[in-house]
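>
Residue numbers (the working numbering), protein chains in the order written: chain A, 1 to 110; chain B, 1001 to 1110.
1. Give the residues of chain A in contact with residue 1092 of chain B, contact being defined as C-beta atoms less than 9 Å apart.
2. Using the three-state DSSP reduction, which class does residue 19 of chain A fall into: helix, strand or coil?
3. For a test of the three-state rule: what should DSSP assign to residue 1033 of chain B, helix, strand or coil?
4. So, residue 1074 of chain B versus residue 1027 of chain B, is the Cβ gap smaller than 9 Å?
5. Note the first and the last residue of the continuous beta strand (DSSP E) segment covering residue 65 of chain A.
6. Say whether the region 9-21 of chain A touches the region 78-92 of chain A, bearing in mind that this needs 3 or more beta-carbon pairs closer than 8 Å, one atom from each stretch.
7. Whole angstroms are fine: how far does the CA of residue 107 of chain A sit from the CA of residue 8 of chain A?
8. If you follow the alpha helix (DSSP H) that residue 1099 of chain B is part of, which residue opens it and which one closes it?
9. Do we get a CB-CB distance below 9 Å when we pair residue 1 of chain A with the residues of chain B?
10. Which stretch, first to last residue, makes up the alpha helix (DSSP H) that contains residue 57 of chain A?
11. Does the beta carbon of residue 1110 of chain B fall short of 8 Å from some heavy atom of the ligand GTP?
12. Taking the alpha helix (DSSP H) that residue 75 of chain A falls in, what are its first and last residues?
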């Protein structure tokens, strides 16, 4: 098992949670502090901090060092890695769609 | 939390394992029985069967009903869902690359 594969497992694992994916969606609109993130989710600060730590360990976000604010920023590298991993299977779903098209055309021609 | 989101969590969770991703990569080349899958991984049948069950529950593979063979087939729907989820972030990494390009051009111009 290469360390690259381990990292991919860590990213997939971090994304296997609706709250963490919602945090990422919020950060896609711009950086936010932990307080700002906690508010819409109606979660305690310790609960949201735990999710933020998981995202940070997976490299999906970074947290600034600015005194009490420490805004969180979304990081794109693990998302690109997930995208690249998924792309290797695109030819399979495209060929299945082609087969489906052929089948439908065949039905319509009959 | 919608059931769609739950399903996405289940897919991400199933993919957070190198052996399960390797099984998918093998099935991308064509269907295979549990015995055929177990061989290259040098794993016991019960161990590989456990991974197959996780992939099956996430809808990433299906297992045929043909007597003792029961070949496994890769299923594309959850992979398309992961791809669609990731695509929503593409504009972020593309805009960051654009910013990087601008910065490099600026440095080269100086």
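All C-beta atoms in this analysis are idealised placements derived from N, C-alpha and C, irrespective of residue type, glycine included.
Judging by the given coordinates:
1. Within chain A, the residues near residue 1092 of chain B are 28, 74, 76, 79.
2. Residue 19 of chain A: helix per DSSP, three-state reduction.
3. Note: residue 1033 of chain B maps to coil in three-state DSSP.
4. With respect to residue 1027 of chain B, residue 1074 of chain B sits close: the two C-beta atoms are nearer than 9 Å.
5. That residue, residue 65 of chain A, is in no beta strand (DSSP E); it is neither H nor E in DSSP.
6. Yes: at least three Cβ pairs fall under 8 Å.
7. When rounded, the distance between both Cα atoms is 43 Å.
8. Here the alpha helix (DSSP H) through residue 1099 of chain B covers 1090-1109.
9. Summary for residue 1 of chain A: the model assigns pLDDT 49, below 50, so the residue's position carries little reliability; its value from the coordinates is reported in the next sentence. Closer than 9 Å: yes.
10. That run of the alpha helix (DSSP H) goes 45-57.
11. With respect to the ligand GTP, the structure shown offers nothing to examine, as it has no ligands at all.
12. Where residue 75 of chain A is concerned, there is no enclosing alpha helix (DSSP H), because DSSP gives it neither an H nor an E.
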